[in-house]
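First comes the structure, then the notes that go with it.
Here it is as C-alpha cells:
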C-alpha cells in the first residue's frame, strides 16, 4: 500500500549574517585609548612605575593619521631664585613664584611634533613642553610668604621666558618632564601603544592623559583618561596627619627627635 507524501518545502535561503559595526568607525575618524593601570600605589619601597597606554585609531579615510599622547600631573607652585653677581659677590635674586606648574608632564608621539602640526595649532592645544601652560595670575601683584616678598611671573616682563625655561629645565633634570618624538608605536593596523614612566619622585594626585589624533596638521579627535597616584599604608597616614594637623605634626617630630637624642646619649654613656 502506497501513501502519497506531501511535497517537501522548498529550501530556505540561509539567513544573512549582518555584522554590526560602530557608526563612528565608518563615518568619522576617531581615537580610543585606555591604560593598563588607572591607579598607582606609592609606599616606602616605591621606585617608580611604568604604565602602558594603548588604543586604536578608527580611520575609514585614506589620509594617514598621527597620535600624540600628553600626560599632565597635578599642578603645584614652583619657587625659583637666580644667582646674580653683585660687586664680585654671588647673591640670590628675589624669588619668583610660578603658580600652577605641572608636577609631571610628558608627551609621546608617532613623529616629532613640529612634523605633525604647526606652531599655532600646538600652542592653542597646549601640546608639547614648548607650549606648556603654566598658570599665572592675570593681575600684576606681589605676595609675601615666610617673610620673603615673592615676585609673581606676571611682573617679569621680558624675562618671563627665561624663568619659564628654567622651570622646564629643572623638571627635566628630575625626570618629571619628558618628550619622546617616537614614543607612540603602531603595533598593528590602527592599534598603538605608548609607555608612561613615572619616576620615584612623581607627585601624588590626579593625572590627566590626552590622546590626540591629528590629520593633515589638524586635531580631529581626542580621548581623555585619568590616572590616580596615591600614597598607601603608613606613608599615607603620616602624610594626611602632617597636612591636616601641621602644628601637632611639628610638635610630635620635635619630641621624637628629642627622645631619640636622649636615648642615643644614654647608650653612649653606658659604654
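Residue numbers (the working numbering): 44 to 314.
Positions of the beta carbon are idealized from the N, C-alpha and C atoms, including for glycine.
As the structure is a computational prediction, the values presented were derived from the model and not from experiment.
Identified DSSP bridge partners for residue i
| i | result |
| --- | --- |
| residue 257 | 109, 262 |
| residue 157 | BP columns for residue 157 are empty, so no partner. |
| residue 220 | 148 |
| residue 273 | 84 |
Exposed unless 16 or more other CB atoms sit within 10 angstroms - verdict on residue i
| i | result |
| --- | --- |
| residue 162 | exposed |
| residue 66 | Here residue 66 scores only 41 on pLDDT, less than 50, and its place in the model should not be relied on; the value that follows carries that caveat. The residue is exposed, with fewer than 16 neighbouring Cβ atoms inside 10 Å. |
| residue 129 | exposed |
| residue 301 | exposed |
| residue 153 | buried |
| residue 216 | exposed |
| residue 134 | exposed |
| residue 235 | buried |
| residue 307 | exposed |
Chain-order list of residues whose beta-carbon lies under 8 angstroms from that of residue i (same chain, five-residue window excluded)
| i | result |
| --- | --- |
| residue 238 | 93, 94, 95, 96, 151, 226 |
| residue 120 | 140, 141, 142, 143, 144 |
| residue 210 | 121, 123, 141, 144, 177 |
7 angstroms CB neighbourhood of residue i in its chain, flanking five on each side removed
| i | result |
| --- | --- |
| residue 165 | 156, 171, 174 |
| residue 264 | 72, 73, 74, 256 |
Reference residue i; option with closest CA among the options
| i | options | result |
| --- | --- | --- |
| residue 253 | 261, 269, 247, 259 | 269 |
| residue 243 | 272, 127, 257, 160 | 272 |
| residue 245 | 308, 146, 204, 154 | 146 |
| residue 123 | 250, 303, 133, 207 | 207 |
| residue 115 | 295, 84, 248 | 248 |
| residue 158 | 297, 149, 134, 110 | 110 |
| residue 74 | 229, 295, 296 | 229 |
| residue 266 | 84, 240, 236, 98 | 98 |
| residue 233 | 241, 240, 204, 100 | 100 |
| residue 261 | 76, 288, 167, 306 | 167 |
| residue 160 | 132, 213, 259 | 259 |
| residue 90 | 113, 240, 299 | 240 |
| residue 214 | 84, 149, 204 | 149 |
Residues of its chain near residue i, where Cβ-Cβ distance is below 6 angstroms and the 5 sequence neighbours each way are ignored
| i | result |
| --- | --- |
| residue 102 | 72, 108 |
Take every Cβ of the stretch 166-179, pair it with every Cβ of the stretch 94-110, and state whether three or more of those distances are shorter than 8 angstroms.
no
Would the stretch 220-234 and the stretch 75-84 be scored as touching if the rule is three or more Cβ pairs under 8 angstroms?
no
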